[in-house]
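Asks:
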């Protein structure tokens, strides 16, 4: 899909696993795009649900999907204990019907606000699923390289993993909420 919805459009971001099984569905709003990629937001009270699990956002967050389509970066507003959460992924982008979609590839880069710092998470899940789902070797190599690169960039707080980049998008999300978004309705 080359066209995007208008900024402020409510959507459901649909994730699946490599085998096509459903994963997370996240209520979100399309915020717009910049040189880093497409930005989405979640307001306080919006849901993320997957088979067997559901949670409601405690703090607003913004998510960046770069054109490469191999990760999605979420920045949670303070005081959330996880400032950065990057899902390593495959084919993250837009479906033909204008729905944001992606394949979750298990590995995550996490930066907490406490002394635990930054690390690559879910390596055990990665090891299990790359065998179970038969991830192609070239994709495994690519995503492991990307994960290591992202981990270092997050540690260094390089753009776009910095408040200088995410701050304006969080303010834009807040402006949408003040403009009358009910925050509870499912897209």
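Residue numbers (the numbering used here): 6 to 192. A virtual CB, placed ideally from N, CA and C, is assigned to each residue, including glycine. Here the structure is a predicted model, which means the values were calculated and not measured.
#1: Note down the Cα distance separating residue 153 from residue 138, rounded to an integer number of angstroms.
#2: At which residue ranges does the segment 31-61 contain complete beta strand (DSSP E) runs of 3 or more residues, listed in the order of the chain?
#3: Rounded to whole angstroms, what is the Cα-Cα separation between residue 53 and residue 40?
#4: Would you please state the rounded distance, in angstroms, between the beta carbons of residue 30 and residue 17? I believe it to be under 8 Å.
#5: Ignore the nearest five residues each way along the sequence and tell me which others in residue 42's own chain have a CB closer than 7 Å to its CB.
#6: Given a cut-off of 8 Å on the beta-carbon distance, is the pair residue 164 and residue 170 in contact?
#7: What separation, rounded to the nearest whole angstrom, lies between the Cα atoms of residue 14 and residue 46?
#8: Run through the DSSP bridge pairs and tell me what residue 98 is partnered with.
#9: Mind checking residue 151: buried by the 16 CB within 10 Å criterion, or exposed?
#10: Kindly indicate the opening and closing residues of the alpha helix (DSSP H) around residue 180.
#11: Taking 7 Å as the limit between beta carbons, can you name the residues of its chain near residue 80, skipping five residues before and five after?
#12: If you measure between the beta carbons of residue 156 and residue 118, is that distance less than 8 Å?
#13: Does DSSP put residue 92 in a helix, a strand or coil?
Replies: In terms of the structure at hand:
#1: The alpha-carbon atoms of residue 153 and residue 138 are separated by roughly 22 Å.
#2: With a minimum length of 3 residues, the continuous beta strand (DSSP E) runs that stay inside the segment 31-61 are 42-47, 52-55 and 58-61.
#3: C-alpha separation (whole angstroms): 27 Å.
#4: About 5 Å separates the beta carbon of residue 30 from that of residue 17, a gap short enough to meet the 8 Å contact definition.
#5: Closer than 7 Å at Cβ, skipping near neighbours: 69, 70, 71 and 72.
#6: In this structure, residue 170 lies closer than 8 Å to residue 164 by Cβ.
#7: Rounded to whole angstroms, residue 14 to residue 46 spans 10 Å at the Cα level.
#8: Answer is 106, bridged to residue 98.
#9: Classification for residue 151: buried.
#10: Where residue 180 is concerned, the enclosing alpha helix (DSSP H) starts and stops at 168-183.
#11: Closer than 7 Å at Cβ, skipping near neighbours: 66, 67, 88, 89 and 171.
#12: Residue 118 is positioned such that its CB atom lies no closer than 8 Å to that of residue 156.
#13: The answer is strand: DSSP assigns residue 92 an E or B state.
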